[in-house]
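Here the working numbering runs 978 ahead of the position in the sequence shown, where the first position is 1.
We treat Cβ as the ideally placed atom computed from N, Cα and C, and that holds for glycine.
Model, not experiment: these values are computed from the prediction.
A short write-up of the structure that comes next.
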Amino acid sequence: TPEGLRAVLLKDGPAGFAKAVRNTPGVLITDTTFRDAHQSLLATRVRTYDLAKVAPFVSHTFPQLFSLENWGGATFDVAMRFLHECPWERLETLRKLVPNIPFQMLLRGANGVGYSNYPDNVVYKFCDLAVKSGMDVFRVFDCLNYVPNLVVGMEAVGKAGGVIEAAISYTGDVSDTTRQKYNLEYYLKLADELVKAGAHVLAIKDMAGVLKPEAARILISALRDKFPDIPIHVHTHDTSGAGVAAMLECAKAGADAIDAAVDSMSGMTSQPSLGAIVASLERTKLDTGLSLDDVSRYSAYWESARQLYAPFECATTMKSGNADVYKHEIPGGQYTNLQFQAFSLGLGDKFDEVKHMYREANLALGDLIKVTPSSKIVGDLAQFMVQNKLTKETLVDRAEDLSFPKSVVEFMQGLVGQPPYGFPEPLRTKVLRGKEKFDGRPGEKLKPLDFEASKKDLEERHGRKLRDVDVMSHAMFPKEFDEFEIFRQKYGPVDKLPTRVFFSGLDVAEQTDVEIEVGKKLAIQLLAEGKLNALGEREVFFDLNGQMRSIYVKDNEASKDIVTRPKALPGVRGSIGAPMPGEILEVKVKEGDKVSPKTPLFVLSAMKMEMIIDTPIGGVIKKIHAAKGTKCAAGDLVIEVEP
């Protein structure tokens, strides 16, 4: 394996690594194909199976990369939720295949890889386990650029021995002197705080791709002049189509490293094209040292592999870059997920309206920096506004009578952090209705997690010995880990299946070979499927390594009950329905309970968006029509309150 920058990191530590980066001629590249590219284009669905196939090629062909971004962000929970694989095993597998290139991950500061605040010892333990599993560079950010949240992540990475890449999340436009918020002075001041807090590398995280070329020149030049010794790393998305131009300006202005995705996984909501950047800088003083022929071979692999993920393509609705991103500012990593969410909520034909309302929701919330989880807060509010036919003005007027998404309520309480320009009033007061407000860092008063007790409890619950990384997965995502563990124990290592078979299943008479460990393969051929029986099952006949077998499999689609639910009566205030399609997570009242106006009745979950539905009137709970776990359509009657 050719030697790469990871050898410098292992020999000289993070400070020596940063010095080597700063002294490297040309501009270095971080390849985002293994993480952010597919999060942005394919709803984070790319499996370890396909990453592992091309990993040795990357290791031997591109040893001069700054890093390979392959972990963190949404990949952590999606791996368990939808791909039925362990995120830690992904990291360990790739580390064995790529020993020479530094690995990079996205860490949400005090949020770890989750969507809420965790006790500090969870963040510290997470970083320690990540370094031991093979992670090197941690891009630490906070969705509000709230320094106390950032510092928790930075200190945790430093203690674990990782490279602290402190990231400033970019929004606005520093080239527009009429915009007073998020101006050059704001970014320079924030950078100064992060450098003083111990950053090894300073990053600009342009998560929506709104960093225009002229703004890139202004910002990076100013940072380079102020901090001549610290490496600068820039990340963007190509949603507008101007990503390559912006990255070239960053390189010319003094950035040491820039992010790109291989050509066939680049563009639109992904990163700018690796090949275009390599070709543009060839035979200049900023030459990347990468071969365009090698990039083309790498691209050919992903051009083929990407076809396996067609159901998750953002290209089904987004055919090209679109400069309207400068207006709505939707992060590239959120764009496809927001589309899926809109379709699931019955708003698929109104996605243009959702994008417009995203801008309105952002302004209503005070013009936020939009990246996980603040981007989710804006997205939840935008879809809520479309669903309820609200404008920025009527939102404030009707706020006291609305049941807001849980994420919006928690943001207004201060449970995400303190926004740089304060909370919007009078909206905050109307949303909270007397709920407690929190100042300062949300996680600082959380009780430390007892890992040993948690491990013992989990081992008893799941009936097997668990690793520390399993306990950490549960600490970040308890529900998702439990469901993943139950699934894995029931169905085995489905992550070994070829990707098309994993997503679509076998056709009759089709055979697939599954390597479950080195030298041990299963040959499986589907022979026939029986008719649906009274239990909603089909007998499935198949050949396993030359022997015919049959099992009964429940056909979940064919055996679904057709349920017609009563609808909430329009205009009748005590007839309270589901405001959007979703699942009832919790019913907070019982029949016969006396309730006063604004009493919480039930919690509805719709594609990661939770809403607490209150009663608009006082009275008695007459009837509960939908219990916990019920899947409701928009308008289905859930609870009747008798005035």
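For Ile1529, the enclosing beta strand (DSSP E) stretches over residues 1525–1532. In this structure, DSSP gives Glu1403 a state outside helix and strand, which the three-state scheme calls coil.
Judged by DSSP in its simplified three-state form, Gly1395 adopts coil rather than helix or strand. Per DSSP, Leu1563 lies in no alpha helix (DSSP H) segment; the continuous beta strand (DSSP E) that holds it begins and ends at 1560–1565. Across the structure, Gln1017 and Tyr1287 are spaced so that their CA atoms are roughly 12 Å apart. In the DSSP secondary-structure assignment, Cys1610 is bridged to Gly1560. In the DSSP assignment, the residues bridged to Thr1490 are Ile1502. Straight-line measurement puts the Cα of Thr1266 at about 41 Å from the Cα of His1452.
When the alpha-carbon of Lys1423 is set against those of Val1387, Thr1369, Ala1088, Leu1197, the nearest one is in Ala1088. Annotation for Glu981: Pro1041, Asn1078 place their beta carbon closer than 8 Å to its own, counting only its chain and skipping 5 residues before and after. A distance below 8 Å between beta-carbons, with the five flanking residues on each side excluded, links Ala1223 to the following residues of its chain, in chain order: Pro1191. Between Asp1234 and Pro1003, the alpha-carbon positions lie close to 9 Å from each other. Taking all protein chains in view, the Cβ of Pro1209 is crowded by 16 or more other Cβ atoms within 10 Å, so the residue is classified as buried. A check of alpha carbon separations from Thr1022 across Asp1055, Lys1031, Leu1006 identifies Asp1055 as the nearest. The bridge partners DSSP lists for Thr1008 are Ser1045, Asp1237. Between Ala1144 and Val1109, the C-beta gap is not smaller than 9 Å, which leaves the two residues out of contact. Within the same chain, Leu1020, Ala1021, Arg1023 come within 7 Å of Phe1290 by CB-CB distance, once the 5 residues on both sides are set aside.
When rounded, the separation of the alpha-carbon atoms in Phe1119 and Val1130 is 10 Å. The alpha-carbon of Tyr1164 is positioned some 21 Å away from that of His1178. Distance check between Glu1067 and each of Ala1030, Leu1084, Pro1097 places Ala1030 closest, using alpha-carbon atoms only. Closest option to Ser1282, judged by alpha-carbon separation, among Val1240, Pro1309, Glu1403: Val1240. Excluding five sequence positions before and after Phe1382, the CB atoms of its chain that fall closer than 6 Å to its own CB belong to Val1409, given in chain order.
Secondary structure note for Arg1073: its alpha helix (DSSP H) is the uninterrupted segment 1065–1075. For Val1550, there is no enclosing alpha helix (DSSP H), as DSSP marks it with neither H nor E.
Counting only the Cα atoms, Pro1080 lies some 10 Å from Ser1037. Note on geometry: alpha-carbon atoms of Gly1136 and Ile1142 lie some 6 Å from one another. Classified as exposed, Arg1275 has fewer than 16 neighbouring CB atoms from the shown chains inside 10 Å of its CB. In this structure, the straight-line span from the alpha carbon of Lys1103 to that of Ser1432 is close to 14 Å.
When secondary structure is reduced to three states using DSSP, Met1390 falls in the helix class.
Taking the Cα of Ala1377 as reference, the smallest distance to any Cα among Val1356, Ala1342, Ala1231 is reached at Ala1342. Counted as a single uninterrupted DSSP element, the alpha helix (DSSP H) harbouring Gln1361 occupies residues 1352–1365. Using a 10 angstroms sphere on the CB of Gln1312, the tally of other CB atoms reaches 16 or more, which defines it as buried. When DSSP reads this structure, His1211 sits in a beta bridge with Ala1181, Ala1235. In this chain, Asp1055 is not harboured by any beta strand (DSSP E); it is covered by the alpha helix (DSSP H) spanning 1053–1059.
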